[in-house]
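Presented below is the structure to which this report refers.
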Amino acid sequence: MANYMVPIMIGARDMAFPRVNLLGFWLVPVSILLYYGGFFTGGALDAGWTGYAPLTEKAYQGHSLGVDFWALSIIVWAISGIMASTNFLTTIVALRAPGMKLTRLPLFVWAQISTSILLLVVGAPLAAAMILVEFDRQLGTQFFTTQGRPVLYQHLFWFFGHPEVYIMILPGFGMISEVIPVFARKQIFGYTTMVAALFGIVFLSMTVWAHHMFTVGMNTWVEGFFMLMTMLIAVPTGIKFFNWIATTWWGSVEFTVPMKFAWGFLATFLIGGITGVYLASVPVDTQLHQSYYVVAHLHYVLFGGSVFTIFAGIYYWFPKITGRLLNRTLGEWNFWTLFIGFNGTFLIMHTLGLEGMPRRIATYTNQAWATTNMIITVSSFLIAFSVLLFFINVIRSWNGGEIAGDDPWHGNTLEWATTSPPPPYNFAKVPPVRSFMPLRDLRESGQLPTEPEPAPEPAPEPAPVPA
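Residue numbers for the sequence shown, in our numbering: 1260 to 1726.
So, in structure tokens, the structure goes:
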């Protein structure tokens, strides 16, 4: 989504390095193929999704190549992420439209800046951890063996693993910050504090990783530090919540499908944030660490913070990308089945966790918690049905949906000033930018262009390389 929308939102014609962008994109399927390559080379990774040391060592995995393929896939993925982040930052800094100062960037673009910075910082340590795993396996070093420091691997893994959550949800925060003002018909409340909160989250997210390790046996003062930092990260997130809600206050709210997904995000992510503050407490986390309470918390943060926001962004920008509107009736069904199915699946897991239901157990003696788990299973099928409705909606609307026009939502940002779908060059002439809502400024001043600008002169072909 960001690859498509960021250049249009800042008035650029493309990313700064299109070939680097292409290479970074195609490294992702290479990473996926490497990961699944383990299934065809003697067995895939058999050390849990975290790959905790020393379970990845040859003493436990034998000579299976599954661990090696897994480590290589993560290294390739990290390289792809670093390339993409560098490209985004360069594009936003160097290719902004005339008049678009940093203080006039759309909040979605700010969210992408913060995500790129975070990925640049935490992606390299993860790749380094995988390289050290390979050194242990192939060169006989002792970084993570039982003679070395297995807990060091956990620190390296979670230094990426927790910020990864924010890498997934910060772009969603940016999408919500674009959707809510448009359908509340109000300017975003507290633009400056919204930007500051993004970077507060980026900084604090790199100081909380060891709350995943409270049961490892760290020093008490270390646990206290990470407990405090984990509680503090709720502050910038709370600021964003306050501003989103304040934006809708006394606004002319239109409950379109994108807006409903935005409110679905607010409801679900709020629950995830509150349970996260509980789990930040060392005594509470020690009791609930391996229970389904953590599973519930994770999904309310990650599913609520990414899936609902992605749906909001797709329903919001689909008309710009394709020139057609998604069907509203199917969109309503998509939202309500997802919202009900999600809460039916994960809300009840909080109770199961408090009752002591452990994670990673396939079945239970005497069919304990059978009724509750049946409710969870049925609700999960409702989520799958919701996703199926979404794909049906996309296929139908792409081929024969209602014509959207260039600006069906009366948006605030530059992407709505060009045609739907945009031409290859995005803009023949970029409209003037006087605030972080340039299109709204033009609309209120009566300066919106009534006819599309003529296409620009084609760019000259590059000179041939001499033989």
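Glycine is no exception: its CB is placed at the ideal position from the N, C-alpha and C atoms.
Less than 7 angstroms separating the beta-carbons of alanine 1779 and phenylalanine 1520?
As shown, the chain starts at 1260 and ends at 1726. That puts residue 1779 outside it, with no answer to give.
By Cβ distance below 7 angstroms, which residues in the same chain neighbour glycine 1670 in space, the five residues on each side in sequence not counted?
If you number the sequence shown from 1, residue 1670 lands on position 411. Around glycine 1670: Val1441 and Leu1698.
Suppose contacts are defined by Cβ-Cβ distances below 7 angstroms. Is tyrosine 1552 in contact with histidine 1609 by that definition?
Residue numbering aside, residue 1552 sits at position 293 when the sequence shown is read from its first letter. Residue numbering aside, residue 1609 sits at position 350 when the sequence shown is read from its first letter. In this structure, histidine 1609 lies closer than 7 angstroms to tyrosine 1552 by Cβ.
With distance defined between alpha-carbon atoms, name the residue in Met1696, Ala1676, Arg1693 and Phe1695 nearest to alanine 1687.
Taking the sequence shown and counting its residues from 1, one reaches residue 1687 at position 428. Cα-wise, what sits closest to alanine 1687 is Ala1676.
Run the CB neighbour count on lysine 1579, radius 10 Å, all protein chains shown included, and call it buried at 16 or more, exposed below.
For the purposes of this step, residue 1579 is taken as residue 320 along the sequence shown, with counting starting at 1. Flag for lysine 1579 reads buried.
Within the segment 1652 to 1678, note down every full beta strand (DSSP E) run reaching 3 residues or more, in order along the chain.
List check, beta strand (DSSP E) in window: nothing returned.
Taking asparagine 1262 as part of the alpha helix (DSSP H), name the residues at either end of that continuous run.
Counting from one through the sequence shown, the residue named residue 1262 turns up at place 3. Residues 1261 to 1268.
DSSP has proline 1357 in a bridge; who is on the other side?
Position 98 of the sequence shown, counting from 1, holds the residue named residue 1357. Its beta-bridge partners do not exist; DSSP assigns none.
How is valine 1617 classed by DSSP in three states: helix, strand or coil?
Position 358 of the sequence shown, counting from 1, holds the residue named residue 1617. The amino acid occupying residue 1617 in the given sequence is proline; valine does not appear at that position. Strand, per DSSP.
Arginine 1278 bridges to which residues according to DSSP?
Translated into positions along the sequence shown, residue 1278 becomes position 19. Per DSSP, none; premise fails for arginine 1278.
Excluding sequence positions up to five away, which residues of its chain have a Cβ less than 6 angstroms from the Cβ of leucine 1641?
Position 382 of the sequence shown, counted from the start, is the residue given in the question as residue 1641. Excluding sequence neighbours, leucine 1641 sits near Thr1596 and Gly1600.
Can you pull the DSSP bridge partners for serine 1550?
On the sequence shown, position 291 is the one that residue 1550 refers to. In DSSP, serine 1550 forms a bridge with Pro1617.
Counting along the chain, where does the alpha helix (DSSP H) carrying tryptophan 1468 start and finish?
For this step, residue 1468 is matched to residue 209 along the sequence shown. No alpha helix (DSSP H) holds tryptophan 1468; DSSP gives it neither H nor E.
Quick one: measure Cβ to Cβ for serine 1339 and serine 1290, integer angstroms, because I've assumed they're closer than 8 angstroms.
For the purposes of this step, residue 1339 is identified with residue 80 of the sequence shown, where counting begins at 1. For the purposes of this step, residue 1290 is identified with residue 31 of the sequence shown, where counting begins at 1. Yes, they are in contact, since the Cβ atoms of serine 1339 and serine 1290 sit about 7 angstroms apart, within 8 angstroms.
Determine the DSSP secondary structure at phenylalanine 1583, reduced to helix, strand or coil.
Numbered from 1 along the sequence shown, position 324 holds the residue referred to as residue 1583. At residue 1583 the sequence reads arginine, which differs from the phenylalanine that was named. Residue state, collapsed to three classes: strand.
Give every residue of the same chain whose Cβ lies closer than 7 angstroms to the Cβ of isoleucine 1426, excluding the five residues on either side of it in the sequence, and list them in chain order.
Here the question's residue 1426 lines up with position 167 in the sequence shown. Thr1374, Leu1377 and Leu1378, listed in sequence order.
One question on the structure: do threonine 1349 and alanine 1275 come within less than 7 angstroms of each other, judged by their Cβ atoms?
To locate residue 1349, count along the sequence shown from 1; it is residue 90. To locate residue 1275, count along the sequence shown from 1; it is residue 16. Yes, these two residues count as a Cβ contact at 7 angstroms.
Which two residues bound the contiguous alpha helix (DSSP H) that contains asparagine 1502?
Locating residue 1502 in the sequence shown gives position 243, counting from the first residue. Its alpha helix (DSSP H) spans residues 1493 to 1507.
Count the other C-beta atoms from every protein chain shown that fall within 10 angstroms of the C-beta of tryptophan 1576, then say buried if there are 16 or more, exposed otherwise.
To locate residue 1576, count along the sequence shown from 1; it is residue 317. Burial call: buried.
For arginine 1355, does the count of other Cβ atoms within 10 angstroms reach 16, so buried, or fall short, so exposed?
By 1-based counting over the sequence shown, the position of residue 1355 is 96. Per the 10 Å Cβ criterion, buried.
Could you check whether leucine 1324 and threonine 1362 sit closer than 7 angstroms to each other, using their CB atoms as the reference points?
Taking the first residue of the sequence shown as position 1, residue 1362 is located at position 103. Taking the first residue of the sequence shown as position 1, residue 1324 is located at position 65. Not a contact, by the Cβ cut-off of 7 angstroms.
Nearest-angstrom Cα distance between valine 1724 and proline 1277?
Position 465 of the sequence shown, counting from 1, holds the residue named residue 1724. Position 18 of the sequence shown, counting from 1, holds the residue named residue 1277. Confidence at valine 1724 is low in this model, with a pLDDT of 44, below 50, so the placement of that residue should be treated as unreliable; the coordinate-derived value is given next. In a straight line, the C-alpha of valine 1724 is about 19 angstroms away from that of proline 1277.
Would you kindly work out how many angstroms separate the C-alpha atoms of valine 1467 and histidine 1558, rounded to a whole number?
Residue 1467 sits at position 208 when you count from the first residue of the sequence shown. Residue 1558 sits at position 299 when you count from the first residue of the sequence shown. The straight-line gap from Cα to Cα measures roughly 18 angstroms.
Give every residue of the same chain whose Cβ lies closer than 6 angstroms to the Cβ of glycine 1459, excluding the five residues on either side of it in the sequence, and list them in chain order.
Your numbering for residue 1459 matches position 200 in the sequence shown. Within the same chain, glycine 1459 has close Cβ partners Pro1495.
Taking the Cβ atom as the reference point for each residue, do alanine 1370 and leucine 1429 lie within a distance shorter than 7 angstroms?
As a working note, residue 1370 is residue 111 in the sequence shown. As a working note, residue 1429 is residue 170 in the sequence shown. Yes. Within cutoff.
What is the DSSP secondary structure of tyrosine 1575, counted as helix, strand or coil?
Along the sequence shown, read from residue 1 onward, the residue named residue 1575 stands at position 316. Tyrosine 1575: helix per DSSP, three-state reduction.
Excluding the 5 residues flanking tryptophan 1522 on each side, which residues of the same chain have their C-beta closer than 6 angstroms to its C-beta?
Position 263 of the sequence shown, counting from 1, holds the residue named residue 1522. Hits under 6 angstroms: none found.
Compare the beta carbon distance of alanine 1539 and methionine 1477 with 7 angstroms and say whether it is the shorter of the two.
The count along the sequence shown starts at 1 and reaches residue 1539 at position 280. The count along the sequence shown starts at 1 and reaches residue 1477 at position 218. Cβ atoms of alanine 1539 and methionine 1477: not closer than 7 angstroms.
As a quick exercise: from Ala1621, Met1389 and Ala1271, pick the residue whose alpha carbon is nearest that of phenylalanine 1419.
For the purposes of this step, residue 1419 is taken as residue 160 along the sequence shown, with counting starting at 1. Ranking Ala1621, Met1389 and Ala1271 by Cα distance to phenylalanine 1419 puts Met1389 first.
So isoleucine 1524 is in the alpha helix (DSSP H); what residue range does that whole segment cover?
Walking along the sequence shown from the start, residue 1524 turns up at place 265. According to the sequence displayed, residue 1524 carries phenylalanine and not isoleucine. Taken as a continuous stretch (DSSP letters only), the alpha helix (DSSP H) holding phenylalanine 1524 covers 1516 to 1539.
Taking the alpha-carbon positions, what's the glycine 1321 to threonine 1672 distance?
Taking the sequence shown and counting its residues from 1, the one referred to as residue 1321 is at position 62. Taking the sequence shown and counting its residues from 1, the one referred to as residue 1672 is at position 413. Distance between the alpha carbons of glycine 1321 and threonine 1672 is about 56 angstroms.
Helix, strand or coil for histidine 1609? Go by DSSP, reduced to three states.
Counted from its first residue, the sequence shown places residue 1609 at position 350. Note: histidine 1609 maps to helix in three-state DSSP.
Suppose you measure from the CA of glycine 1449 to the CA of valine 1560; what does that come to, to the nearest Å?
Here residue 1449 refers to the residue found at position 190 when the sequence shown is read from its first residue. Here residue 1560 refers to the residue found at position 301 when the sequence shown is read from its first residue. Each residue's alpha carbon lies about 23 angstroms from the other.
Here's the rule: buried if 16 or more other CB atoms are within 10 angstroms of the residue's CB, otherwise exposed. What is tyrosine 1412?
Walking along the sequence shown from the start, residue 1412 turns up at place 153. Label assigned to tyrosine 1412: buried.
Going straight from the alpha carbon of isoleucine 1439 to that of threonine 1506, what length do you get?
Here residue 1439 corresponds to residue number 180 of the sequence shown, with the count starting at 1. Here residue 1506 corresponds to residue number 247 of the sequence shown, with the count starting at 1. Computed Cα separation, rounded: 7 angstroms.
Between the beta-carbon of phenylalanine 1473 and the beta-carbon of threonine 1545, is there less than 7 angstroms?
Start at 1 with the first residue of the sequence shown, and residue 1473 comes out as number 214. Start at 1 with the first residue of the sequence shown, and residue 1545 comes out as number 286. Yes, the Cβ-Cβ distance between phenylalanine 1473 and threonine 1545 is below 7 angstroms.
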